[in-house]
Amino acid sequence: MSSGLLYGKKYVRKGLEINMLKKENCCLIALASVPLVMTLGNSMLIPILPTLEKKLHISSFQVSMIITLYSIVAIVLIPIAGYLSDRWGRKMVMVPSLLIAAIGGAITGWVSWKVENPYVWILIGRAIQGIGAAGAMPVVIPCVGDLYKDEKQVSTGLGIIETSNTFGKVLSPILGSALAAVVWFLPFWSIPVLCAVAIILLLLLVKAKKQENQAPPLKEFIQSIGSTFQEKGRWLVAIFALGAIIMLILFGILFYLSTILEEKYNIHGIWKGCILAIPLLVLSISSYMAGKKIGDDQDVMKKCIYIGFILAAASVILPLFLKGIYLLILCLVVMGSGIGIALPCLDALITQGIEKEQRGTVTSFYSSMRFIGVAAGPPLYSYFMKGTDHEVFYVTCIFAVVGAIITIVWIKPKKNNKPLNSVPEPKS
Numbered sequence: 031m032s033s034g035l036l037y038g039k040k041y042v043r044k045g046l047e048i049n050m051l052k053k054e055n056c057c058l059i060a061l062a063s064v065p066l067v068m069t070l071g072n073s074m075l076i077p078i079l080p081t082l083e084k085k086l087h088i089s090s091f092q093v094s095m096i097i098t099l100y101s102i103v104a105i106v107l108i109p110i111a112g113y114l115s116d117r118w119g120r121k122m123v124m125v126p127s128l129l130i131a132a133i134g135g136a137i138t139g140w141v142s143w144k145v146e147n148p149y150v151w152i153l154i155g156r157a158i159q160g161i162g163a164a165g166a167m168p169v170v171i172p173c174v175g176d177l178y179k180d181e182k183q184v185s186t187g188l189g190i191i192e193t194s195n196t197f198g199k200v201l202s203p204i205l206g207s208a209l210a211a212v213v214w215f216l217p218f219w220s221i222p223v224l225c226a227v228a229i230i231l232l233l234l235l236v237k238a239k240k241q242e243n244q245a246p247p248l249k250e251f252i253q254s255i256g257s258t259f260q261e262k263g264r265w266l267v268a269i270f271a272l273g274a275i276i277m278l279i280l281f282g283i284l285f286y287l288s289t290i291l292e293e294k295y296n297i298h299g300i301w302k303g304c305i306l307a308i309p310l311l312v313l314s315i316s317s318y319m320a321g322k323k324i325g326d327d328q329d330v331m332k333k334c335i336y337i338g339f340i341l342a343a344a345s346v347i348l349p350l351f352l353k354g355i356y357l358l359i360l361c362l363v364v365m366g367s368g369i370g371i372a373l374p375c376l377d378a379l380i381t382q383g384i385e386k387e388q389r390g391t392v393t394s395f396y397s398s399m400r401f402i403g404v405a406a407g408p409p410l411y412s413y414f415m416k417g418t419d420h421e422v423f424y425v426t427c428i429f430a431v432v433g434a435i436i437t438i439v440w441i442k443p444k445k446n447n448k449p450l451n452s453v454p455e456p457k458s
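End of the sequence shown sits at 458 in this note's numbering; the numbers just go up one at a time, nothing left out.
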């Protein structure tokens, strides 16, 4: 065979690989838009919660329910969405879910504008938005697992998804404060606009794959999920718990910081949004870097999760003894870096440890647990904020230490980096 023909074949093969890589990257961009939009739709409200409290004439607990109800509805429906995504396909679930979220956002915007006492209607709109969120953001994680065959690429892709998620958290306090400075209910109206952008990207860039092995009927599927939990329950439950704890800490601290910036330091509007964005920006950067570095090494993932929780625990020790806004922000930057390191590792462990046919459902349980943390954080921290700042820091430290202990005791990857699903259960 001539060298020219060999070079020609090599060139064509390389061209096909580049073309495939471009398609995968475009698909990843579209998928990354979903957590970005969903995060903006929820986290944008955190900096304006004190404003909502005043405008709606409600208590601190009632205003925290605007975040919590959204999450509670999502918690209940996420596993159903995960099963449907395994059965019907990821795209077939995500697009209608984004449309439902847009409708919920439009309802909250409309009643805030036109109804005299809109609080109950805002909760209804947020519940509808939670229904949409249940079928949108959690389905992205298994979709990335389906997109790549190489586990290192999966880890990198999940790092980008978490970065998009956390970048939404960075942008949300600034954008939320800026929109509320124009009209206090404008952040609600931004939700349908953002959902429309994500829908367009998914329709244009994500090609629905044919289901090679369609999920089995519900009864059979529940039995297979039950056997999965029986076989791998210890590390799955551990990762679920860690996901809940880490989001509880994050959203609880954000609620605390948003409140004290106004009440204690008299910082409002966009300036408050910029301050809230500082630890979240660090979280976003560390999340991206961790996703790039961990590859498929599960020992490294475990160490990163442990370090993340230790950093979160250590970050609140200094504010127990010293006061000041600059010190507090510096400590929260340390916390943000720890949470950012841990998040893509949790995603990668659960994605790599579950078979493709069950990935959507099992990762949906993980997403539900994360939403439990999101739902519990603001009201729990609202309760402890009735006392002193010390109580908030003690609770944060305790949760972070518990997370570190769970990581050490229950996350046990094999030395040869085989998937966690090959790890035998410890004998009781």
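Glycine residues also receive a C-beta, built at the ideal position from the N, C-alpha and C atoms.
| How would you label D116, buried or exposed, when you count the other beta carbons within 10 angstroms and need 16 or more for buried? | Taking the sequence shown and counting its residues from 1, the one referred to as residue 116 is at position 86. Result: buried.
| message | In whole angstroms, give me the CA-to-CA distance for F339 and A372. | response | For the purposes of this step, residue 339 is taken as the residue at position 309 of the sequence shown. For the purposes of this step, residue 372 is taken as the residue at position 342 of the sequence shown. The straight-line gap from Cα to Cα measures roughly 8 Å.
| field | Beta carbon of V170 nearer than 7 Å to that of V64 | value | Along the sequence shown, read from residue 1 onward, the residue named residue 170 stands at position 140. Along the sequence shown, read from residue 1 onward, the residue named residue 64 stands at position 34. It is a contact, given that the beta carbons lie within the stated cut-off.
| said: Threshold first: 4 residues or longer. Then list the alpha helix (DSSP H) segments lying entirely within the stretch 233-314, N to C. | reply: 248-293
| For A268 and I436, the rounded distance between their alpha carbons | Numbered from its first residue, the sequence shown carries residue 436 at position 406. Numbered from its first residue, the sequence shown carries residue 268 at position 238. Distance between the alpha carbons of I436 and A268 is about 6 Å.
| Mind checking H91: buried by the 16 CB within 10 Å criterion, or exposed? | Here residue 91 refers to the residue found at position 61 of the sequence shown. Note that residue 91 is Phe in the sequence shown, not His. Flag for F91 reads exposed.
| query | Going by beta carbon distance, what residues of the same chain come within less than 8 Å of K182, once the five residues before and after it are set aside? | reply | One-based indexing of the sequence shown puts residue 182 at position 152. Excluding sequence neighbours, K182 sits near G325 and D326.
| Helix, strand or coil: how does DSSP classify D116 here? | The residue labelled residue 116 in the question sits at position 86 within the sequence shown. Residue state, collapsed to three classes: helix.
| field | I204 beta carbon less than 7 Å from that of C304 | value | For the purposes of this step, residue 304 is taken as the residue at position 274 of the sequence shown. For the purposes of this step, residue 204 is taken as the residue at position 174 of the sequence shown. Yes; because the gap between Cβ atoms is below 7 Å, this pair is in contact.
| query | Taking the alpha helix (DSSP H) that N195 falls in, what are its first and last residues? | reply | By one-based count along the sequence shown, residue 195 stands at place 165. Element bounds for N195: E181 to V212.
| query | Is L350 closer than 7 Å to H298 when the C-beta atoms are compared? | reply | Along the sequence shown, one-based indexing puts residue 298 at 268. Along the sequence shown, one-based indexing puts residue 350 at 320. For H298 and L350, no; Cβs fall outside 7 Å.
| said: To the nearest angstrom, how far is the alpha carbon of G145 from that of A211? | reply: Position 115 of the sequence shown, counting from 1, holds the residue named residue 145. Position 181 of the sequence shown, counting from 1, holds the residue named residue 211. Checking the sequence shown, residue 145 turns out to be Val, not Gly. Distance between the alpha carbons of V145 and A211: 20 Å.
| message | The alpha helix (DSSP H) that contains G383, what's its start and end? | response | Taking the first residue of the sequence shown as position 1, residue 383 is located at position 353. Premise fails: G383 is in no alpha helix (DSSP H) and is neither H nor E.
| query | Would E261 be called buried (16 or more neighbouring beta carbons within 10 Å of its own) or exposed? | reply | Indexing the sequence shown from 1 puts residue 261 at position 231. Answer is exposed; the Cβ neighbour count stays below 16.
| query | Secondary structure at N147, three-state DSSP: helix, strand or coil? | reply | As a position in the sequence shown, residue 147 is number 117, starting the count at 1. Three-state DSSP puts N147 in coil, outside helix and strand.
| Extent of the continuous alpha helix (DSSP H) run through P80 | Start at 1 with the first residue of the sequence shown, and residue 80 comes out as number 50. For P80, the enclosing alpha helix (DSSP H) covers residues L79 to L86.
| said: Since P77 and L362 should fall inside the 8 Å C-beta cutoff, what is the C-beta to C-beta distance between them, to a whole number of angstroms? | reply: Position 47 of the sequence shown, counted from the first residue, corresponds to residue 77. Position 332 of the sequence shown, counted from the first residue, corresponds to residue 362. At roughly 15 Å, the Cβ-Cβ gap does not stay under 8 Å, so P77 and L362 are not in contact.
| request: Assign T418 to one of three DSSP states: helix, strand, or coil. | output: Counting from 1 along the sequence shown, the entry for residue 418 is found at position 388. Coil, per DSSP.
| task | Using a threshold of 7 Å, state whether the C-beta atoms of P409 and T98 are closer than that. | result | Locating residue 409 in the sequence shown gives position 379, where the first residue counts as 1. Locating residue 98 in the sequence shown gives position 68, where the first residue counts as 1. For P409 and T98, yes; Cβs fall inside 7 Å.
| Residues of its chain near L66, where Cβ-Cβ distance is below 6 Å and the 5 sequence neighbours each way are ignored | Taking the sequence shown and counting its residues from 1, one reaches residue 66 at position 36. Counting only Cβ-Cβ distances below 6 Å, and skipping sequence neighbours, we find S194 and G198.
| Span of the alpha helix (DSSP H) around K333 | For the purposes of this step, residue 333 is taken as the residue at position 303 of the sequence shown. Its alpha helix (DSSP H) spans residues Q328 to S345.
| request: State the DSSP-derived secondary structure class of P443, mapped to helix, strand or coil. | output: By one-based count along the sequence shown, residue 443 stands at place 413. It is coil, neither helix nor strand.
| request: Using alpha carbons as the reference points, say which of K84, G71, I59 and L310 lies closest to E293. | output: Within the sequence shown, the letter at position 263 stands for residue 293. When only C-alpha atoms are compared, the closest one is K84.
| Looking at C-alpha atoms only, which residue of T138, P126, L61 and W440 is the closest neighbour of A216? | Reading the sequence shown from its first residue, position 186 is the one you call residue 216. Checking the sequence shown, residue 216 turns out to be Leu, not Ala. The candidate whose alpha carbon is nearest that of L216 is T138.
| request: Inspect the CB distances between the stretch 276-290 and the stretch 411-425 and report whether three or more fall short of 8 Å. | output: yes
| query | So V404 and S314 are in contact, right, with Cβ under 8 Å, and what is the actual spacing, rounded? | reply | On the sequence shown, residue 404 is found 374 positions in, with the first residue counted as 1. On the sequence shown, residue 314 is found 284 positions in, with the first residue counted as 1. Between S314 and V404 the Cβ distance is about 17 Å, and since that is not below 8 Å, they are no contact.
| task | Could you name the residues of the same chain whose beta carbon sits closer than 7 Å to that of S460, not counting the 5 residues immediately before and after it, in chain order? | result | Limits of the chain in this structure are 31 at one end and 458 at the other, which puts residue 460 out of reach.
| request: Give me the Cα-Cα distance between F423 and Y100, rounded to the nearest whole angstrom. | output: The residue given as residue 423 occupies position 393 in the sequence shown. The residue given as residue 100 occupies position 70 in the sequence shown. About 26 Å.
| task | Please state whether DSSP places G135 in a helix, a strand or coil. | result | For the purposes of this step, residue 135 is taken as the residue at position 105 of the sequence shown. DSSP places G135 in helix when its eight states are reduced to three.
| If you drop the 5 nearest sequence neighbours on each side, which residues of the same chain put their C-beta closer than 6 Å to that of G370? | Here residue 370 refers to the residue found at position 340 of the sequence shown. These residues qualify, in order along the chain: L313, S316 and S317.
| request: List the whole-angstrom C-beta distance separating T69 from L188, where the pair is believed to meet the contact cut-off of C-beta under 8 Å. | output: Within the sequence shown, residue 69 is the residue found at index 39, counting from 1. Within the sequence shown, residue 188 is the residue found at index 158, counting from 1. Wrong, their Cβ atoms sit about 15 Å apart, outside the cutoff.
| said: Rounded to whole angstroms, what is the Cα-Cα separation between S94 and Y396? | reply: For the purposes of this step, residue 94 is taken as residue 64 along the sequence shown, with counting starting at 1. For the purposes of this step, residue 396 is taken as residue 366 along the sequence shown, with counting starting at 1. Going from the Cα of S94 to the Cα of Y396 covers about 23 Å.
| query | In terms of alpha-carbon separation, which member of I438, G112 and V184 lies closest to G162? | reply | Reading the sequence shown from its first residue, position 132 is the one you call residue 162. Closest option to G162, Cα to Cα, is G112.
| query | So, is W265 buried or exposed, given that buried needs 16 or more other C-beta atoms within 10 angstroms? | reply | Within the sequence shown, numbered from 1, the residue matching residue 265 stands at position 235. Buried: at least 16 other Cβ atoms inside 10 Å.
| field | Beta carbon proximity, L99 to chain D, threshold 7 Å | value | Looking at the structure shown, chain D is missing, and only one protein chain is on hand.
| query | What's the gap between the Cα of I279 and the Cα of K179? | reply | Position 249 of the sequence shown, counting from 1, holds the residue named residue 279. Position 149 of the sequence shown, counting from 1, holds the residue named residue 179. Whole-angstrom Cα-Cα distance: 33 Å.
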